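Mapping to the working numbering: the sequence shown position 95 is 95, numbers consecutive. Using N, Cα and C, we set each Cβ at its ideal position, and we do this for glycine too. The structure presented is a predicted model; accordingly, all values stated were derived computationally and were not measured. Remarks on the structure that follows.
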Amino acid sequence: MKKLLFFSTLLLSLFANAQHIDDKYLAAAAEHKKGNYQKVIDLLQNENYRQNLDGFYLMLQAHYALVTTDYQTDIAHFNFNRLVELRTMIDDYLKVAQNPKGIKTVQQQQKELLNYPATEATFNEIRSQLVGKSQLQDIKIALSKLKFDKVIALVDEYATDGYVPDYELAYHKAIAEFRKVKLHRKTTTKEQKEQV
């Protein structure tokens, strides 16, 4: 009798655990449809999602969406290791996948990732160029709008990043300070003029 009770308790707990995992996968699928990719990752993070191909696929799609979006929108703060992890996940998925539609989608994503840098050195070079152009553009826009204090603040902020060459920063700061003094000629003291 004790063995029967033990066996039934064990089966019940296994069933409850399986139901809990299925509920998590269903919740993750619902969040994926809504576009809440970080929520998908949060739901499946503690589960062994690689054992369930549907869960693995959902996790892969969530990572792909977040990595590609973050790379395009905020390359300055993007971590190259996320791209490496995504490529590894894709390779692992393609080794075990059985769903032809899922395989085709992931293979297409794998091809699209070929447009992203393959090495960290290449990534850092691309990031430096793109961020430098963006920061320089911010400075030029502020200068064109005659917001000289903003130009000076941006130059000081961007000087620590190292993406914009020092000579560009010095040039724009000098222009902003000169035009600021010229604009406020009547209220500028002799000391302020000499400082510029």
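Check: Using only the alpha-carbon positions, how far apart do Leu214 and Glu125 sit?; Outcome: Here the chain comprises residues numbered 1 to 196, so residue 214 is not present and cannot be evaluated.
Check: Taking C-beta to C-beta, are Phe80 and Tyr71 nearer than 7 Å?; Outcome: no
Check: Would you call the region 112-132 and the region 92-102 touching, i.e. three or more CB-CB distances under 8 Å?; Outcome: no
Check: Give the straight-line distance between the Cα atoms of Leu5 and Asn115, rounded to the nearest whole angstrom.; Outcome: Confidence at Leu5 is low in this model, with a pLDDT of 43, below 50, so its placement is unreliable and no value can be given for it.
Check: Grouping DSSP H, G and I as helix and E and B as strand, with all else coil, what is Ala97?; Outcome: coil
Check: Under DSSP, the alpha helix (DSSP H) around His63 begins and ends at which residues?; Outcome: Leu53 to Thr73
Check: Cβ atoms of Gly102 and Tyr49: under 7 Å apart, would you say?; Outcome: no
Check: Using the Cα positions of Glu85 and Pro117, report the straight-line distance between them to the nearest angstrom.; Outcome: 13 Å
Check: How many angstroms separate the CA atom of Arg82 from the CA atom of Phe178?; Outcome: 44 Å
Check: Among the candidates Ala159, Leu169, Tyr158 and Leu146, whose CA atom is the shortest distance from the CA of Val181?; Outcome: Leu146
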